[in-house]
């Protein structure tokens with residue numbers, strides 16, 4: 745009876761660990777989307793212009809410029825909580841003969857978090873860097 749209870753607790757711990765990894769992966773995806781929102785006013789039109797895409801509709805993307813700090817704050821919130829789940833939250837310790845889930849999505853979550861962080865830095869720093877290049 746006690747063995748069944750122990751195995752059940754181990755499975756619940758492993759299940760909670762898997763849920764945390766899934767949550768971290770979703771947070772990294774949310775961070776990337778919010779970072780793209782922060783970049784939509786300045787970086788995205790510039791990249792589209794460099795790629796040869798043109799049209800009057802690109803000018804409409806600059807309407808999102810007042811919301812850039814909001815997008816950046818949301819992205820940093822997603823990245824911060826995702827980093828907490830991936831890097832700092834205590835991991836469950838499993839015995840060798842017990843069932844434990846392997847955190848396979850940890851690499852995906854870490855890659856997404858680092859990508860979102862880089863996108864936020866680019867989105868926030870782009871206006872300052874581009875001014876330095878084109879200042880006369």
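In the working numbering, the protein residues as written are 745 to 880. Ideal Cβ placement from N, Cα and C applies to all residues, glycine included. From a predicted model like this one, the values you see are computed outputs, not experimental measurements.
Leaving out five residues on either side along the sequence, give the residues of the same chain with a beta carbon under 8 Å from the beta carbon of residue i.
i	result
residue 878	none
On the three-state DSSP scale, how would you describe residue i?
i	result
residue 756	Legend: pLDDT at residue 756 = 48, less than 50; position of this residue unreliable, value from coordinates given subsequently. Correct three-state label for residue 756: helix.
residue 879	coil
residue 799	coil
residue 784	coil
Just the Cα atoms here: how many angstroms apart are residue i and residue j?
i	j	result
residue 850	residue 789	33 Å
residue 800	residue 779	24 Å
residue 771	residue 784	20 Å
residue 862	residue 796	24 Å
residue 803	residue 833	43 Å
residue 792	residue 805	11 Å
residue 777	residue 766	17 Å
residue 810	residue 866	17 Å
Considering Cα atoms alone, identify which of the options is closest to residue i.
i	options	result
residue 826	857, 812, 809, 818	857
residue 875	786, 765, 766	786
residue 813	869, 782, 766	782
residue 773	868, 824, 871, 869	824
residue 821	806, 864, 765	864
residue 764	818, 828, 860	828
residue 775	794, 807, 798, 818	818
Leaving out five residues before and five after residue i in sequence, what residues of the same chain have Cβ atoms less than 7 Å from its Cβ?
i	result
residue 830	768, 850, 853, 854, 857
Tell me which residues share the same chain as residue i and place their Cβ nearer than 6 Å to its Cβ, disregarding the 5 neighbours each side in the sequence.
i	result
residue 868	816
residue 808	784, 785
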